Amino acid sequence: MENKKILVLKGDGVGPEIIDCALEVLNVISQKSGIIFNLIFGDIGGAAIDKHGGPFPKETERKLQDVSAVLLGAVGGPKWDNIDPAIRPEKGLLALRKALGVYANLRPCQIYPGLIENSPLKPEYLKNVDFVIVRELVGGIYFGKRDTFVENGLRTAFDEERYDEEEIKRIAVYAFETAMGRSKKLTLVDKANVLDSSKLWREVVGEIALDYPQVELEYLYVDNAAMQLIRQPSSFDVILTNNIFGDILSDEASQIAGSIGLLPSASLGANIGLYEPIHGSAPDIAGQNIANPLATILSLAMLLRYSFGLQKEAEQIEQAVTKVLADGYRTKDLAQHEFLGTREITDEVIKRL
Ligand code: NAD
């Protein structure tokens, strides 16, 4: 019998509720398939600050040695907004990603048939929308030098956007490989008309493209990409971009899909995969049984697929989620009138497994 080890980091805000839902789904998958999932639990973010004095404690880092995958809720919240910036909850997440070396963040976006009316876009713009954002996750401005100081009597601050060619190459290869498994179209999103770092991205991605002549490569400036995502989202297949542009564009993409509570993510490229919904800890709705757990449940599906090769089980979860939405069940973020709670919509997913 197989034994698969997962580190579960529930985090803050809605994190614990949505992770519990995903674990219920995993339990059902385990019963149906006979596969044993060995779960260990750890602290991250604000919860870790409260318990251990820092957002990514050594104890959590040590637990990474034993596992093949990490399932994460979300971190942060107003309770920790005014603490020392060096130990903010979000720093824990960045440290975790860096420790794992997961440089490729995949964020798929598709329109579920029953949710067309939830999108702010007109239905005619939503036909055939199915793309994936490949975001560089462990470099760029979120990890560059930064400082705040007084110069010439003025408060001044800077954040450095820096990439070397190796960092660009490995994510580019990942994106081309992803495109090869899809419609063979890749859009590089950058700001090469202004930024030197973007010019280097164009150069390096152009070089990698020579190894993938079957893939159609297109370049878009990020401001134009933000516009095209709304004007013609179906024109995209694989979007390759840096850390900060990917962060912003994927939140925009979540609205095309109807809610941020629907978009999962997988962070790959190293031995251990990291899986989390794209949303934050949503402190405004935490503890009320109204958070949408589907992004986390879909992140679990990605975990089964990418870390354990359990394609069939991943599809079963994705189909169950699709069916729940097609059958008209909604959480509050998606509902006009009646809606189900976090736990109750999870029960509907489980019924359809
Ligand atoms: P957020 O994603 O937490 O929330 C934005 C809005 O979306 C809120 O109105 C929230 O209620 C709603 N929302 C989010 N997830 C939802 C879900 N599953 N179901 C229904 N509605 C949902 O972003 P924010 O408000 O900017 O940040 C809140 C906290 O989360 C901050 O401390 C921020 O730093 C942190 N954050 C963490 C992560 C992460 O852990 N990966 C990502 C982004 C923000």
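Just so you know, the working numbering puts 810 at position 141 of the sequence shown, and the rest follows in order with no gaps.
Here a beta-carbon is modelled for each residue, glycine too, at the ideal position from N, C-alpha and C.
Given the structure is predicted, the values throughout are model-derived calculations rather than measurements.
Do C690 and R1012 have their C-beta atoms within less than 8 angstroms of each other? Position 21 of the sequence shown, counted from the start, is the residue given in the question as residue 690. Position 343 of the sequence shown, counted from the start, is the residue given in the question as residue 1012. Yes, the Cβ-Cβ distance between C690 and R1012 is below 8 angstroms.
Straight-line gap, I966 to I986 (C-alpha atoms, nearest Å): Here residue 966 corresponds to residue number 297 of the sequence shown, with the count starting at 1. Here residue 986 corresponds to residue number 317 of the sequence shown, with the count starting at 1. Those two C-alpha atoms are separated by around 8 angstroms.
Determine the contact status of L806 and V858, defining contact as a CB-CB distance below 8 angstroms. By one-based count along the sequence shown, residue 806 stands at place 137. By one-based count along the sequence shown, residue 858 stands at place 189. No, these two residues do not count as a Cβ contact at 8 angstroms.
Which ranges would you report for the alpha helix (DSSP H) in the region 834-922 if only whole runs of at least 4 residues count? Listed in chain order, they are 834-849, 865-878, 891-900.
Any heavy atom of ligand 1 closer than 7 angstroms to the Cβ of I705? Residue numbering aside, residue 705 sits at position 36 when the sequence shown is read from its first letter. I705: no, Cβ never under 7 angstroms from ligand 1.
Straight-line CA distance for G682 to A716? Working through the sequence shown from its first residue, we reach residue 682 at position 13. Working through the sequence shown from its first residue, we reach residue 716 at position 47. Those two C-alpha atoms are separated by around 9 angstroms.
Pull the bridge partners of L775 from the DSSP assignment, please. To locate residue 775, count along the sequence shown from 1; it is residue 106. DSSP output for L775 lists V803, A935 as bridge partner(s).
Less than 7 angstroms between C-beta atoms, sequence neighbours within five positions excluded: which residues of the same chain meet that for L676? Start at 1 with the first residue of the sequence shown, and residue 676 comes out as number 7. The answer, listed in chain order, is I709, G711, K732, L733, V736, V739.
Comparing alpha-carbon positions, which option in G997, A848, L979, G949 lies nearest I705? Counted from its first residue, the sequence shown places residue 705 at position 36. Of G997, A848, L979, G949, the residue nearest in Cα terms is L979.
Nearest to L692 by alpha carbon, out of G722, P933, T1015? Start at 1 with the first residue of the sequence shown, and residue 692 comes out as number 23. The shortest Cα separation from L692 among G722, P933, T1015 belongs to T1015.
Does any heavy atom of ligand 1 sit closer than 7 angstroms to the C-beta of L762? Taking the first residue of the sequence shown as position 1, residue 762 is located at position 93. Within the cutoff, so yes.
Which residues share a DSSP beta bridge with E945? Within the sequence shown, numbered from 1, the residue matching residue 945 stands at position 276. Beta-bridge pairing links E945 to S934.
Would you mind giving the Cβ-Cβ distance between L932 and S919, rounded to the nearest angstrom? I have them listed as a contact below 8 angstroms. Reading the sequence shown from its first residue, position 263 is the one you call residue 932. Reading the sequence shown from its first residue, position 250 is the one you call residue 919. So it is a contact: roughly 7 angstroms between Cβ atoms.
Can you tell me which of the three DSSP states I925 falls into? Mapped onto the sequence shown, residue 925 falls at position 256. Residue state, collapsed to three classes: helix.
For L769 versus A939, is the C-beta distance shorter than 8 angstroms? Translated into positions along the sequence shown, residue 769 becomes position 100. Translated into positions along the sequence shown, residue 939 becomes position 270. Going by C-beta atoms, L769 is nearer than 8 angstroms to A939.
Please say whether V874 and V801 have beta carbons closer to each other than 8 angstroms? The count along the sequence shown starts at 1 and reaches residue 801 at position 132. The count along the sequence shown starts at 1 and reaches residue 874 at position 205. For V801 and V874, no; Cβs fall outside 8 angstroms.
Could you tell me if A844 is buried or exposed, where buried requires 16 or more neighbouring beta carbons within 10 angstroms of its beta carbon? Within the sequence shown, the letter at position 175 stands for residue 844. Sixteen is the threshold: when 16 or more other Cβ atoms of the shown chains lie within 10 Å of the Cβ of A844, as they do, the residue is buried.
Below 7 angstroms CB to CB, which residues in the same chain sit around A841 once its five sequence neighbours on both sides are set aside? Indexing the sequence shown from 1 puts residue 841 at position 172. Here the set comprises V873, V874, I877, L909.
Report yes if the C-beta of E793 is less than 7 angstroms from at least one heavy atom of ligand 1; otherwise report no. Translated into the one-based positions of the sequence shown, residue 793 becomes position 124. No, the Cβ of E793 stays beyond 7 angstroms of every heavy atom of ligand 1.
Please state whether DSSP places G711 in a helix, a strand or coil. As a first step, residue 711 must be located in the sequence shown, where it is residue number 42. In this structure, G711 counts as strand in the three-state DSSP scheme.
Starting from R815 and walking both ways along the beta strand (DSSP E), at which residues does that stretch end? Residue numbering aside, residue 815 sits at position 146 when the sequence shown is read from its first letter. 815-820 is the extent of the beta strand (DSSP E) around R815.
Host alpha helix (DSSP H) of G761 (start-end): In the sequence shown, the residue the question calls residue 761 occupies position 92. First-last of the alpha helix (DSSP H) with G761: 758-769.
Quick one: Cα of K992 to Cα of E759, how far? Taking the first residue of the sequence shown as position 1, residue 992 is located at position 323. Taking the first residue of the sequence shown as position 1, residue 759 is located at position 90. For K992 and E759, the distance between alpha carbons rounds to 34 angstroms.
Hey, E834 and L869 are a contact pair by Cβ (cut 8 angstroms); roughly how many whole angstroms apart? Position 165 of the sequence shown, counting from 1, holds the residue named residue 834. Position 200 of the sequence shown, counting from 1, holds the residue named residue 869. 7 angstroms between Cβ atoms; contact.
M670: buried (16+ other C-beta within 10 angstroms of its C-beta) or exposed? Reading the sequence shown from its first residue, position 1 is the one you call residue 670. Residue placement at M670 is flagged as unreliable, the pLDDT there being 46, under the threshold of 50; the coordinate-derived value follows with that caveat. That one is exposed.
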